[in-house]
Structure formats: C-alpha cells, structure tokens
Amino acid sequence: MKMSGAKAIVECLLEQGVDTVFGYPGGMILPLYDALHDTTALRHVLTVHEQGAAHAADGYARASGRVGVCIATSGPGATNLVTGLATAYMDSVPVVAITGQVPTDVIGQDAFQEIDIVGMTMAVTKHNFQVKDVNKLPEVIRYAFRIARSGRPGPVLVDVPRNVQTAKIDFYNLSPQCEGEWHLGAGSINLIDEAVKAIKEAEQPAIIIGGGVINAEAHNEIKSLAEHLHMPVVSTLMGLGGFPGSHPLFLGMTGLHGHKAANNVIHNADTILAIGCRFSDRVTGDREQYGAQKTVIHIDVDPAEIDKNVMAHIGIAGDLKKILIMLNERAAAKDFTNWWEVIRAWQTDLEIEVDESRLNAPLVMQNIVEQTKGIDTIFVTDVGQHQMWAAQYLKIEKPRTWLTSGGLGTMGFGLPAAMGAQFAMPDKKVIHFAGDGGMKMTGNELYTIAANCLPIISIIINNQGLGMIRQLQHAFYNKRYTACILPSKVDFTMYAKSFGIHGVNVDTLAEFKTAFRRALQSKQPEVIVVNIASENLVTPMMLPGASLDDYVDL
Amino acid sequence: MKQVLSVLVQNQPGVLVRVASMFSRRGFNIDSLAVGVTQDPDYSRITAVVCGDQATVDQVIKQLDKIVEVVAIQNLSHTSSVTRGLALLKVRANERRTEVLKLAEVFRANVVDIQENSLTLEVNGDDEKINALAELLMPFGLLEMIRTGLIGLTRGDNTIYKCEEIDEND
Ligand SMILES: Cc1ncc(C[n+]2csc(CCOP(=O)(O)OP(=O)(O)O)c2C)c(N)n1
Numbered sequence: 002m003k004m005s006g007a008k009a010i011v012e013c014l015l016e017q018g019v020d021t022v023f024g025y026p027g028g029m030i031l032p033l034y035d036a037l038h039d040t041t042a043l044r045h046v047l048t049v050h051e052q053g054a055a056h057a058a059d060g061y062a063r064a065s066g067r068v069g070v071c072i073a074t075s076g077p078g079a080t081n082l083v084t085g086l087a088t089a090y091m092d093s094v095p096v097v098a099i100t101g102q103v104p105t106d107v108i109g110q111d112a113f114q115e116i117d118i119v120g121m122t123m124a125v126t127k128h129n130f131q132v133k134d135v136n137k138l139p140e141v142i143r144y145a146f147r148i149a150r151s152g153r154p155g156p157v158l159v160d161v162p163r164n165v166q167t168a169k170i171d172f173y174n175l176s177p178q179c180e181g182e183w184h185l186g187a188g189s190i191n192l193i194d195e196a197v198k199a200i201k202e203a204e205q206p207a208i209i210i211g212g213g214v215i216n217a218e219a220h221n222e223i224k225s226l227a228e229h230l231h232m233p234v235v236s237t238l239m240g241l242g243g244f245p246g247s248h249p250l251f252l253g254m255t256g257l258h259g260h261k262a263a264n265n266v267i268h269n270a271d272t273i274l275a276i277g278c279r280f281s282d283r284v285t286g287d288r289e290q291y292g293a294q295k296t297v298i299h300i301d302v303d304p305a306e307i308d309k310n311v312m313a314h315i316g317i318a319g320d321l322k323k324i325l326i327m328l329n330e331r332a333a334a335k336d337f338t339n340w341w342e343v344i345r346a347w348q349t350d351l352e353i354e355v356d357e358s359r360l361n362a363p364l365v366m367q368n369i370v371e372q373t374k375g376i377d378t379i380f381v382t383d384v385g386q387h388q389m390w391a392a393q394y395l396k397i398e399k400p401r402t403w404l405t406s407g408g409l410g411t412m413g414f415g416l417p418a419a420m421g422a423q424f425a426m427p428d429k430k431v432i433h434f435a436g437d438g439g440m441k442m443t444g445n446e447l448y449t450i451a452a453n454c455l456p457i458i459s460i461i462i463n464n465q466g467l468g469m470i471r472q473l474q475h476a477f478y479n480k481r482y483t484a485c486i487l488p489s490k491v492d493f494t495m496y497a498k499s500f501g502i503h504g505v506n507v508d509t510l511a512e513f514k515t516a517f518r519r520a521l522q523s524k525q526p527e528v529i530v531v532n533i534a535s536e537n538l539v540t541p542m543m544l545p546g547a548s549l550d551d552y553v554d555l
Numbered sequence: 004m005k006q007v008l009s010v011l012v013q014n015q016p017g018v019l020v021r022v023a024s025m026f027s028r029r030g031f032n033i034d035s036l037a038v039g040v041t042q043d044p045d046y047s048r049i050t051a052v053v054c055g056d057q058a059t060v061d062q063v064i065k066q067l068d069k070i071v072e073v074v075a076i077q078n079l080s081h082t083s084s085v086t087r088g089l090a091l092l093k094v095r096a097n098e099r100r101t102e103v104l105k106l107a108e109v110f111r112a113n114v115v116d117i118q119e120n121s122l123t124l125e126v127n128g129d130d131e132k133i134n135a136l137a138e139l140l141m142p143f144g145l146l147e148m149i150r151t152g153l154i155g156l157t158r159g160d161n162t163i164y165k166c167e168e169i170d171e172n173d
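One line per chain: the protein sequences are A and B, in this order. Here the first sequence is numbered in this note's numbering, starting from 2 and rising by one per residue. Here the second sequence is numbered in this note's numbering, starting from 4 and rising by one per residue.
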C-alpha cells in the first residue's frame, strides 16, 4: 500500500502491539501527529513535558513488560527526553523514542530546532538511528523494537527527518519477528555443573537477586530454586518483587540502605549466587572486599556484566530462566540449619524499631502494607529518603509492582512513571511516593493525571527539604546544611486542587490511616501530604565504599 | 600490556563514533584505532590497539560485542598474526644526508620526498620497528612524524568470518 513515512511509522507501531504512546508535538514531528489523527487504535497521551513522556513510557514498560513508546519533536523536544532515556538505560528498560528532525537537506546547517540527537543520546541508549531513506523506515522501526526488547533490554531512539515522514513508500505489513531462542550450550552446561558443585560445598550460601530477574520474568524459577535448596534470598533495590517480600526465606534489601540482616548474610556467606544483578557500587561497597573469601557465582543475561564489577569464580551468561531451571534440576538440597540459626538471630537482633511517638515514613509504609493486603498494587517512587523507606518497609510481593529509578536515581521520575504504569495496568492500584523536592520537579504531570482521570494515589512525604541531601550533610559534612532546606511556601493540597485533584494534609498516623483508606476507595486521583520532621534519617546507612558491615554512626 | 583487536562492523554512518565513544566513555585506553572498508563495501574493519590487563581487554571485547553494528571480534594477540602500521618521518638532512639514507635502507624505508634541507621517509612495519627508526632518526632532527594505526590479519586461512560463525552458534 502506498503511504507516507509517518503513516508507516503508525502502522509499524500497531504491528508491534503498541496501544499507548506518550508525547509532545512540534514542527518537525507534525506529519507523524497528523497520521495519529486517524488512528483510533493508538492512544496518544499528551504529557506536560517531554521528560514526563519519556518517564511515562518507561513506567509503562516496567509495569507491563511491553515496550514503552514516547514521541518528541526535534531540538528542545528531543533534548527534553534525554534524562528519561538515561533513566531507562541505566535500569535496562525497553523504550522506543521517536523524534522529529529537520529535513535531510538542511541537516548540519544549524537549522531552526536542529540538534544532533543521535550523537547526543549515543551514551544513554542501547542503540539509535537516524533514518534518511523512507524505504528503510519500516525496517528500522521494527528493528528498534527488537533491539529494545531482546537480551538485556534498553531504550532505542529513532530520529526521523520531517521530509522522510512525508515521503511516500510502498508499505507491507509484517508481523513481529520472534526472537531466535537462546539455547544452553555445552560451555554453559559445564558452568552450571560447576555451580552445582560450589553450592554442594557451601556451608553458608546466599542468593542475591537484581532487576535482571524482573526483566527475565524468572521470579518463579528463583522461588523454586531457593525453596528447593533452602537458601536465604536478598535483593538489590532493583530486584524487589523478584522474590515475595513476605516469604520466610527472604531477608530484605541489601546495599547502602539495606537491612542489616541481609547485608550480614552476604558479608558472611561463603558462596553467593548472584542472579540478574550487576554489583552496583551501591550494593557492594568496597568491591575488593565484597568478593573476597567467598565463591561468587554470577548469572546474567549480559556477558559484559560478568567480571565487570566483581570477579566471578563461575560466570554464566544467558537466559536466566533456562539457566535456573537446569541449575534447579541438578543441584541437590542440603541442610543449612546452622547457617539459618545464625541468620534468624540476626533477624531478631538487628530489627529496626520504628519510633511510634510521632508520624514518620516507616509508620506510613507499614500501614500501607496493612491496608493494601489483597489489593493488586504497583508502588512507584521518586528518589531520596522516601524511596529508601519505601524499599525497606513495603513488602513487594510480585514482579513489576515496584518501580523505582535505581541506576540513575532520577528525581522527578516517580509521578510520570506512575502515570505510565496506570495506563499500562488500568486495573491495578498505582501508589506513588515522592519527596517535597522531587514532587516539585515533575509535579505538573498531575495535570495529565487529572486530564485522563487516572486514579493514582500520590503520597508526598513532606519533610520540608531535600531529605537525602540533608542526611548526607548530616553524616559527612559536619551538619553544615546547604541548599537542602525547602521553606513551606507551597501547600501541595492546594497545588493538587488547582488541577481539580483532591488532596489532604496529614500530621498523625490516625489521620493518615483515614486518608489512605478513603483514597483506596476513590476512583479519582488522590494526593496525601504526609508531614514529617525534617530531621528523620534513613537507617541503617553503610559507609559508601566500605565493606558491608561498616555502618555510619548517625 | 598491549593487545590488538580486529573488529568487523557493518558499514553504517556513525559506527566509528559509536566504537570510539564507547572506549572513552568506559575509560579504556587505546593506543591506536584504524578503520577502513573491507572487500565487501557493506562492512568495515576496525583495528584497535588496547592497553590494559587481561581482565580489561576481556571487558573491552564484551563491550564491543554489545554494539549493534559489531559483527565479529578477533584478538590478534592471541593467534599468530601479522600487524602493520605506516609512518611518514620528515628528517632534517643536509650534511648527514647519507647517514639518514643508510638508515632508511636498513629499515627498508622509502624516500618519498627529498629537498635541500629535509627528506621524508615512508616506513611500514609493526610498532617496534617504527619506534626504532624514529629513535635512531631523532639525533638528526626529526621534524615531523605521523603514523597510521596498526592493522593486522591472522596468519593462515583463519579469518574473522570464522569468528562470526562461531558467534552465531553460541
Ligand atoms: C534530577 C536529580 N537532581 C539531583 C539529585 C540529587 N538528590 C538525590 S536525593 C535528593 C533529595 C530529594 O529530596 P526530596 O525529593 O524532598 O526527597 P526526600 O529525600 O526528602 O525523601 C537530591 C537532590 C537527583 N537524584 N536527581
């Protein structure tokens, strides 16, 4: 069929099963917007800002496992996507971004709103393209989706000059190609046998899971393996939900603000089985010490992660599911009773006592766990103290129900990502957390939420400051608080009200309980502002770059 | 330690930038980078001389492998191979001209330009040979020197295309 390049893009998106795209128009992408006009099967969500569109596409992808799509115009539209793409890149999220570009005959002449977005995003995308020949457009869009999804997922950008969008081509539909299946080779099977042997020799083993488990949807395989071998499981920030949060084998989050019991388990383990995690510096602290005196078995989809940060004794690269299934078949259960006795003692001795004298974030999180029992929820956070409190106290039971910016730690991620998640999962209750700092960064997306009547509950942990910065200055800069105090010049409930969204301030746990119970019933967007003391600190806190048992005295 | 990597890439616009920026972004040190088209115009070959311990070079190879346009990678240092670079050296040469020409002969360098006060030599070979000649020419007054990155091929009928086949079976 003869059609314009723009129409062909739309056809390709439909081929890929895309139902929602997030974007913002501008001159160089208008042909695509014109083609969207007649397409009822594709919902376009107009965000407030392109950053919002990128995070929303990311949230959509994290919540659903499908590829998220965002669209922006050339120049400033494209540059506004960059933080969102970088966020998706660092957390391996499949996103396809389509940007408009100035016509091919003026590229390189500093035309109005021309920017080399391909050059600019090379470092923050898995791959990117500029399409100069309309005949290549369909194959590039299809390839972009394949790259975004396959292996270790990631964002892909396709830059399309305006004249390529308007040029005509003969278009033929093509159903999406299935990925060639990955097979365990002889080399991998040998390595699995080595891993089996290492586990057999272990006295104090532990499993550490990362975000790769969620991407690979290998949560059931991990659960079977852990239950079969009766091994303790800890998770990185990104892996939360990859193992049921209330499972007796689960010890919580490990890393900088991890649970002490979880960190102790890794620190004292003689063998660790790291699955789908990349040993980020926030997880390992001192990397030399981290892997010392233990056998490290590392399984990841990306071969480049093996031996990148921590040297593995046994490194297996490939499809997590297949590897885990074979490992589970071959590994024999063993009695780790002694090890478990030690672990259980840590769990009771090192439990953090939550201060109940005043409203604080841990109390709020604990209450949310209680009130959301039996409800299908997705928790989305921004970045800062509230993120860590949420990670520590919410019990994340299922994969794709904990969305957080881990690798890049992008403030402003939360609200637009929550929006994307709600579009992807209309039947789930999306609960968003932000600090009063991050909420000011992308809070205007409340407008999009209101316009689309998304029943998201936004919980703003208001400590009148950039809490995490304050905490760092408290711990490492002699309490010289600089640029972290946010005077209460905004009432977030009135801010919400300006979008027609109901908001409430709470100052006590009782008030929170009532407000949250009410919000859970609501079919409308809701904002709850939780006012807490600005002095509250996230504990425990490891000394950055130190070993896993070295904590800051707060 | 230096190792020579030969990389077969699809000849797409920007592929050299992609490879080069990966090196700089990840803090890998490279001595030289040479790129040119192959017998098939759809493919180019990049030869990179990488400095670092074995773990670093292994990581370089894995990171290269993640670049979409990279088709195959061969470590020339791990197989028997020939590597060559080309250098042009402009030397001051008036009264000691014959000495310079003698040296050129020993190194099988060609004289490509000769003037009253200078002459320019062209020499090819591996890094060591070029370095040796440059050092010997220094006392005469080495006015300028320019060299290409190293390129190389394995000896025998082994080719990079065989690496590609192995890759696909894995
Ligand atoms: C875009 C961006 N800028 C700066 C930072 C550095 N940073 C990390 S946490 C934080 C403070 C966050 O404050 P707030 O949003 O109020 O959350 P809180 O820590 O108080 O829970 C800052 C500024 C960041 N992570 N992202």
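Glycine is no exception: its CB is placed at the ideal position from the N, C-alpha and C atoms. Given the structure is predicted, the values throughout are model-derived calculations rather than measurements.
Minimum length 4: unbroken alpha helix (DSSP H) runs contained in the stretch 197 to 230 of chain A: 212 to 216, 220 to 230
Assigned secondary structure, A/Pro156 (DSSP; H/G/I helix, E/B strand, else coil): Counting from 1 along the first sequence, the entry for residue 156 of chain A is found at position 155. In this structure, A/Pro156 counts as strand in the three-state DSSP scheme.
Beta bridge counterpart(s) of B/Tyr174 as assigned by DSSP: Here chain B has residues from 4 to 173 only, and residue 174 of chain B is not among them.
Chain A residues whose Cβ lies nearer than 8 angstroms to that of B/Gln66: Taking the first residue of the second sequence as 1, we reach residue 66 of chain B at position 63. Within chain A, the residues near B/Gln66 are Ala305.
Buried/exposed call for A/Ala511, threshold 16 Cβ in 10 Å: Counting from one through the first sequence, the residue named residue 511 of chain A turns up at place 510. A/Ala511 comes out exposed.
Any non-hydrogen atom of ligand 1 within 6 angstroms of A/Ile470 CB: As a position in the first sequence, residue 470 of chain A is number 469, starting the count at 1. Correct: A/Ile470 has its Cβ closer than 6 angstroms to ligand 1.
Counted within 10 angstroms of its Cβ, other Cβ atoms place B/Ile117 as buried (16 or more) or exposed: Position 114 of the second sequence, counting from 1, holds the residue named residue 117 of chain B. Exposed is the call here.
Check: A/Val94 C-beta below 6 angstroms from any heavy atom of ligand 1: On the first sequence, position 93 is the one that residue 94 of chain A refers to. Because no heavy atom of ligand 1 lies under 6 angstroms away, the Cβ of A/Val94 does not count as near it: no.
Helix, strand or coil at B/Met148 [DSSP, three-state]: For this step, residue 148 of chain B is matched to residue 145 along the second sequence. Note: B/Met148 maps to strand in three-state DSSP.
Within 8 angstroms of chain A by C-beta, residues of the stretch 142 to 155 of chain B in sequence order: none
Neighbourhood of A/Pro456 by C-beta, 7 angstroms cutoff - its chain only, sequence neighbours within 5 removed: Walking along the first sequence from the start, residue 456 of chain A turns up at place 455. So the qualifying residues of the chain are Ser523, Lys524, Gln525, Pro526.
For A/Glu330: DSSP bridge partner residues: Start at 1 with the first residue of the first sequence, and residue 330 of chain A comes out as number 329. None; A/Glu330 has no bridge partner.
Check whether B/Thr157 and B/Ser84 have beta carbons under 7 angstroms apart: The residue you call residue 157 of chain B lines up with position 154 of the second sequence. The residue you call residue 84 of chain B lines up with position 81 of the second sequence. Result yes, Cβ atoms of B/Thr157 and B/Ser84 sit closer than 7 angstroms.
From A/Thr41, A/Trp341, A/Gly438, residue whose alpha carbon lies closest to that of A/His387: Along the first sequence, one-based indexing puts residue 387 of chain A at 386. Of the candidates A/Thr41, A/Trp341, A/Gly438, the one whose C-alpha sits nearest the C-alpha of A/His387 is A/Gly438.
Own chain partners of A/Gln52 with C-beta closer than 6 angstroms, once the 5 adjacent residues on each side are dropped: Taking the first sequence and counting its residues from 1, the one referred to as residue 52 of chain A is at position 51. Only Asn81, Thr84, Gly85 meet the Cβ criterion.
Spatial distance of A/Met123 from A/Leu158 (CA atoms): Residue 123 of chain A sits at position 122 when you count from the first residue of the first sequence. Residue 158 of chain A sits at position 157 when you count from the first residue of the first sequence. If you take the alpha carbons of A/Met123 and A/Leu158, they lie about 9 angstroms apart.
Where the beta strand (DSSP E) containing B/Glu119 begins and where it ends: The sequence position of residue 119 of chain B within the second sequence is 116, counting from 1. Careful: B/Glu119 lies outside any beta strand (DSSP E) and carries neither H nor E.
Bounding residues of the alpha helix (DSSP H) (the contiguous stretch that carries A/Ala497): Within the first sequence, residue 497 of chain A is the residue found at index 496, counting from 1. Start and end: 493 to 498.
Assigned exposure category for A/Gly109 - 16 Cβ within 10 Å defines buried: Against the first sequence, residue 109 of chain A aligns to sequence position 108. A/Gly109 should be labelled exposed.
8 angstroms contact criterion, which B/Ile149 and B/Ala96 should meet: CB distance rounded: As a working note, residue 149 of chain B is residue 146 in the second sequence. As a working note, residue 96 of chain B is residue 93 in the second sequence. With 8 angstroms as the limit, B/Ile149 and B/Ala96 do not qualify as a contact, their Cβ atoms being about 18 angstroms apart.
Buried/exposed call for B/Asn113, threshold 16 Cβ in 10 Å: One-based indexing of the second sequence puts residue 113 of chain B at position 110. It counts as exposed.
Secondary structure of A/Asp171, DSSP reduced to three states: Taking the first residue of the first sequence as 1, we reach residue 171 of chain A at position 170. Of the three classes helix, strand and coil, the one that applies to A/Asp171 here is strand, per DSSP.
Under 9 angstroms by beta carbon: chain B residues contacting A/Asp308: Stepping through the first sequence from its first residue, residue 308 of chain A is reached at position 307. Here the neighbours are Ala58, Asp61, Gln62, Lys65.
Short Cβ contact (7 angstroms threshold) for A/Gly6 with A/Leu175: Working through the first sequence from its first residue, we reach residue 6 of chain A at position 5. Working through the first sequence from its first residue, we reach residue 175 of chain A at position 174. No, Cβ-Cβ distance for A/Gly6 and A/Leu175 is not below 7 angstroms.
A/Asn171, buried or exposed, once every other Cβ within 10 Å from all chains shown has been counted against 16: In the first sequence, residue 171 of chain A corresponds to position 170, counting from 1. Note on identity: in this sequence residue 171 of chain A is Asp, with Asn being the wrong assignment. Classification for A/Asp171: exposed.
Option in A/Cys278, A/Asn264, A/Ala207, A/His260 with minimal Cα separation from A/Ala219: Within the first sequence, residue 219 of chain A is the residue found at index 218, counting from 1. Checked all of A/Cys278, A/Asn264, A/Ala207, A/His260; the closest Cα to A/Ala219 is A/Cys278.
heavy atom of ligand 1 below 6 angstroms from A/Val384 C-beta: Looking up residue 384 of chain A in the first sequence gives position 383. Under cutoff, so the answer is yes.
Element boundaries [alpha helix (DSSP H), containing A/His393]: Position 392 of the first sequence holds residue 393 of chain A. As written in the sequence, residue 393 of chain A is Gln, which differs from the His given in the question. Its alpha helix (DSSP H) spans residues 386 to 394.
Cα-Cα separation between B/Gln42 and B/Glu72, rounded to whole angstroms: Residue 42 of chain B sits at position 39 when you count from the first residue of the second sequence. Residue 72 of chain B sits at position 69 when you count from the first residue of the second sequence. Their Cα atoms are separated by approximately 17 angstroms.
DSSP three-state assignment for A/Met4, whether helix, strand or coil: Numbered from 1 along the first sequence, position 3 holds the residue referred to as residue 4 of chain A. Strand, per DSSP.
7 angstroms Cβ cut-off: residues of chain B touching A/His128: The residue you call residue 128 of chain A lines up with position 127 of the first sequence. Residues of chain B passing the Cβ test: Val71.
Completely contained beta strand (DSSP E) runs for the stretch 426 to 485 of chain A, where each covers 3 or more residues: 430 to 436, 458 to 463
Three-way DSSP call (helix, strand, coil) for B/Asn127 in this model: Working through the second sequence from its first residue, we reach residue 127 of chain B at position 124. Strand.
Any non-hydrogen atom of ligand 1 within 6 angstroms of A/Asp282 CB: Reading the first sequence from its first residue, position 281 is the one you call residue 282 of chain A. Checking the Cβ of A/Asp282 against ligand 1 gives no.
Residue nearest to A/Leu328 in terms of C-alpha spacing, selected from A/Lys201, A/Pro545, A/Pro95: One-based indexing of the first sequence puts residue 328 of chain A at position 327. Closest option to A/Leu328, Cα to Cα, is A/Lys201.
Beta-bridge partners of A/Arg44, as assigned by DSSP: On the first sequence, residue 44 of chain A is found 43 positions in, with the first residue counted as 1. Note: A/Arg44 sits in a beta bridge opposite A/Thr21.
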